[in-house]
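Structure first, then comments.
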Amino acid sequence: MRAVIDAVLPSVDGGRFPVKRVCGDTLEVQANCFTDGHDVLRVMLQWRAEGDTTTVHEVEMLHDVNDEWHAGFTLPDVGRYCYTVVAWVDHFESWRRELQRRVDPADIRIAALVGADLLDATCPRAKGDDRKAVKDWAARLRQQAETDDAEALKALALDDRLATLARRYPDRRWCTRYEPELSVIADRERARFSTWYELFPRSTSPEAGRHGTFKDVQARLPYVARLGFDVLYFPPIHPIGRDKRKGKNNALVAQAGDVGSPWAIGAAEGGHKSILPELGTPEDFRALVAAARELGMEVAMDIAYQCAPDHPYVKEHPPWFRWRPDGTVQYAENPPKKYQDIYPFNFESDDWSGLWDELKSVLDHWIGEGVRVFRVDNPHTKSFAFWEWAIAEIKREHPDVIFLAEAFTRPKVMHRLAKLGYTQSYTYFTWRNTKQELIEYFTELAQGPGREYFRPNVWPNTPDILHEVLQSGQRSTFMARIVLAATLSANYGIYGPAYELMEHLPREHGSEEYLHSEKYQLRHWDLDRPDSLGTFIARLNSIRRENRALQSDWSLRFLPTDNEQLIAYAKRAQDVDNVVLTVVNLDPHHTQSGWVEVDLSELGLDEDKPYQMHDLLSGQRFVWNGRRNFVMLDPQRSPAHVFRVRRHLRSEKDFDYFE
59 MRAVIDAVLP
69 SVDGGRFPVK
79 RVCGDTLEVQ
89 ANCFTDGHDV
99 LRVMLQWRAE
109 GDTTTVHEVE
119 MLHDVNDEWH
129 AGFTLPDVGR
139 YCYTVVAWVD
149 HFESWRRELQ
159 RRVDPADIRI
169 AALVGADLLD
179 ATCPRAKGDD
189 RKAVKDWAAR
199 LRQQAETDDA
209 EALKALALDD
219 RLATLARRYP
229 DRRWCTRYEP
239 ELSVIADRER
249 ARFSTWYELF
259 PRSTSPEAGR
269 HGTFKDVQAR
279 LPYVARLGFD
289 VLYFPPIHPI
299 GRDKRKGKNN
309 ALVAQAGDVG
319 SPWAIGAAEG
329 GHKSILPELG
339 TPEDFRALVA
349 AARELGMEVA
359 MDIAYQCAPD
369 HPYVKEHPPW
379 FRWRPDGTVQ
389 YAENPPKKYQ
399 DIYPFNFESD
409 DWSGLWDELK
419 SVLDHWIGEG
429 VRVFRVDNPH
439 TKSFAFWEWA
449 IAEIKREHPD
459 VIFLAEAFTR
469 PKVMHRLAKL
479 GYTQSYTYFT
489 WRNTKQELIE
499 YFTELAQGPG
509 REYFRPNVWP
519 NTPDILHEVL
529 QSGQRSTFMA
539 RIVLAATLSA
549 NYGIYGPAYE
559 LMEHLPREHG
569 SEEYLHSEKY
579 QLRHWDLDRP
589 DSLGTFIARL
599 NSIRRENRAL
609 QSDWSLRFLP
619 TDNEQLIAYA
629 KRAQDVDNVV
639 LTVVNLDPHH
649 TQSGWVEVDL
659 SELGLDEDKP
669 YQMHDLLSGQ
679 RFVWNGRRNF
689 VMLDPQRSPA
699 HVFRVRRHLR
709 SEKDFDYFE
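Quick note: the sequence shown, position 357, residue 415 per the numbering used here, numbers continuous.
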């Protein structure tokens, strides 16, 4: 086996984990292949659906430079696929290349006879009429070699029809196969492009003070749809524990009427497969899921693998928890934070297999209720081995299921969870606010090696996180942060209505917790407030839907500006010739201006032609020329431009040429 396959890309940890794409994508594969000497290689990309060992597809790889070979295949459907590369020394092509360089008649005659022998060896592999054609060609070479016409002999030997025929039946006895076989997960489109809206169902009542229900949520669906969101995400909807229930603002002692934290799961009414009775019935939930689907939305559920002290699991399966010497269960802690109302599972339990099976059955249950999107709470505090097994099992049965990892933790841990199977991942966006921070972080996400498996989902706020930049309550800040989220990342979400109503008061100075947090109490929201950002958010989400460039991440490129308060970047969807260029003023108080440098070739623009910049937020149009162009943004009016590049104008007078 003389062929060497030095590397195959893309590959995650040498093939230990799959890369990720979306069905319909073409997976472009590179192989570094070579052999000793000067013989010609043939290299094939092989791929198949996982579990199907009988149908293996092959694509010829083309040689580029520096021993790099390239080919691709289109992922036909949602699911998991395997791919690898095979290579061998092609003696017929090597002979043919040698013959092309020969000029001496004697050398040509000898080479022709060598070629005839190669064709004889090909005959047993040929089929049907091809076998006779190969045999006849070998005979013609020998016959022509007996004449004095070396040029005619060379032309016969190098006939392209002969090459095509011989290539169908190569000698693969000494073929090299790249091991281990690599894999790719093809998710549905929503894995790459989604717009999330989080709300607490219990706070959806139109009447202040009344506990909201699934029917109330169903009545709010048109509002969420008008805002342009396609994933409606709920915190846990299960019975809430009464033992050690938290009060308002995370008070250790609950008062009469306090509803507790939804993440303290389980009570006498049931656990992770049950619904809080105040929200409604399973029939109500299924009706809500169906109604959301009719509006083009999906309901996403929160999966929080933890228990309130009075969860049925605690009595039924005591080995699943850590017991302290005083006979109590160890509650969750992240010093100095204490969560007395939450018991974590013990993944080192002697009954770990029973625990694993039960936790997977929770996912199975809600999939049976019509849920296909799950946001998983703190997955980094649970067994990595469990996640790899559970997600693989779920996706084997239901390959369309999407898992979002809520893991605000160390980078390597976040990346490991993504490798283990999580479809999307929370990010550090909330804590990236300066120009340099944003450029460095999103360049890493879009261009770094992690992009093969780590799909970012960015959130400017969550029920747990009210970053200090939002605590000023500046409208311009809320607008700028959501523009950044919606245009830097193809997947983003907000916790509402807190975001569109610009909720900004912390529980105390230096805290990222909301004052009067919905995590511990009912809230009533006035969605019709005149200062709501709802209209702005709806326009922004409409822009995302209408521009393919904003529906993926890899094309993101940052553009130089001469003002540190202005950040500029572009995305391009080459298949539909769609370019979106965004400029954001990071200063919430003052007008900022400066020059933006555009890489015209990167965006497919001509150096000597004007082009129109259509601000999709305001509707304004500007004519730009060349690489450097001036922008000015007043944050009190709008802190951002989201330009669609319209090319090319015949002249500056043709202002609406593309409309």
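Glycine residues also receive a C-beta, built at the ideal position from the N, C-alpha and C atoms.
In three-state terms, what does DSSP make of residue i?
i, result
"Gly130", "strand"
"Glu446", "helix"
"Phe716", "Legend: pLDDT at Phe716 = 37, less than 50; position of this residue unreliable, value from coordinates given subsequently. Residue state, collapsed to three classes: coil."
"Ile400", "coil"
"Tyr576", "The displayed chain sequence assigns Glu, not Tyr, to residue 576. The answer is coil: DSSP assigns Glu576 none of H, G, I, E or B."
"Ser241", "strand"
"Pro264", "coil"
"Leu103", "strand"
"Ile625", "strand"
"Asn307", "helix"
"Ala142", "Here residue 142 is Thr; the residue named in the question, Ala, does not match the sequence. It is a strand residue."
"Gly568", "coil"
"Met359", "strand"
"Glu327", "coil"
"Lys78", "strand"
"Thr93", "coil"
"Met671", "strand"
"Gly662", "coil"
"Glu438", "Before going further, note that residue 438 is His rather than Glu in the sequence given. Helix at His438."
"Met690", "strand"
"Glu561", "coil"
"Glu710", "With a pLDDT of 49 at Glu710, under the threshold of 50, the modelled position of this residue cannot be trusted, and the question is left open."
"Glu118", "strand"
"Pro518", "coil"
"Leu216", "coil"
"His423", "helix"
Under 7 Å between the Cβ atoms of residue i and residue j?
i, j, result
"Ala283", "Leu337", "no"
"Phe701", "Asp666", "no"
"Ala89", "Trp127", "yes"
"Trp321", "Val289", "no"
"Arg686", "Glu655", "yes"
"Ala350", "Leu279", "yes"
"Val516", "Thr485", "yes"
"Pro377", "Ser407", "yes"
"Val499", "Arg509", "The displayed chain sequence assigns Tyr, not Val, to residue 499. Their beta carbons are not under 7 Å apart, which means Tyr499 does not touch Arg509 by this criterion."
"Arg79", "Ala191", "no"
"Val70", "Ala129", "no"
"His562", "Leu591", "no"
"Cys91", "Val136", "no"
Are there 16 or more other CB atoms within 10 angstroms of the CB of residue i, so buried, or fewer, so exposed?
i, result
"Asn392", "exposed"
"Glu576", "buried"
"His296", "buried"
"His369", "buried"
"Asp714", "Only weak support is given to the placement of Asp714: the predicted model assigns it a pLDDT of 47, under 50, and the question is left unresolved by the model."
"Leu120", "exposed"
"Glu341", "exposed"
"Gly318", "buried"
"Met671", "buried"
"His330", "buried"
"Glu464", "buried"
"Lys440", "buried"
"Glu558", "buried"
Looking at C-alpha atoms only, which residue of the options is the closest neighbour of residue i?
i, options, result
"Gly149", "Gln505, Lys453, Trp410, Arg60", "Here the sequence assigns His to residue 149, which means Gly is not the residue at that position. Here the closest residue by C-alpha is Arg60."
"Ile497", "Arg695, Leu644, Leu279", "Leu644"
"Met355", "Phe403, Phe251, Arg189", "Phe251"
"Ala116", "Val143, Val62, Tyr139", "According to the sequence as given, residue 116 is Glu; it is not Ala. Here the closest residue by C-alpha is Val143."
"Thr492", "Val311, Leu223, Ile625", "Ile625"
"Ile460", "Val471, Ala504, Thr481, Pro646", "Thr481"
"Met560", "Ile540, Ser441, Gln364", "Ile540"
"Ala753", "Thr467, His525, Arg154, Leu475", "Since the first and last residues shown for the chain are 59 and 717, residue 753 lies out of range."
"His269", "Trp612, Val681, Arg581", "Arg581"
"Val634", "Val434, Arg587, Glu604", "Glu604"
"Gly95", "Asp83, Leu591, Ala65, Glu156", "Glu156"
"Arg226", "Val420, Leu177, Leu214", "Leu177"
"Asn124", "Ala358, Asp64, Gly592, Val114", "Asp64"
"Ala504", "Asp584, Ala543, Tyr669, Arg615", "Arg615"
Is residue i near the ligand SAH - that is, is its Cβ less than 6 Å away from at least one heavy atom of it?
i, result
"Asp165", "As presented, the structure is devoid of all ligands, the ligand SAH included, so that no description of it is given."
3 or more residues per run - each beta strand (DSSP E) lying fully within the segment 582-632: If we require 3 residues or more, the beta strand (DSSP E) runs fully inside the segment 582-632 come out as 615-617, 624-631.
Unbroken stretches of the alpha helix (DSSP H), 4 residues or longer, contained in the segment 159-184: Whole alpha helix (DSSP H) segments, 4+ residues: 163-180.
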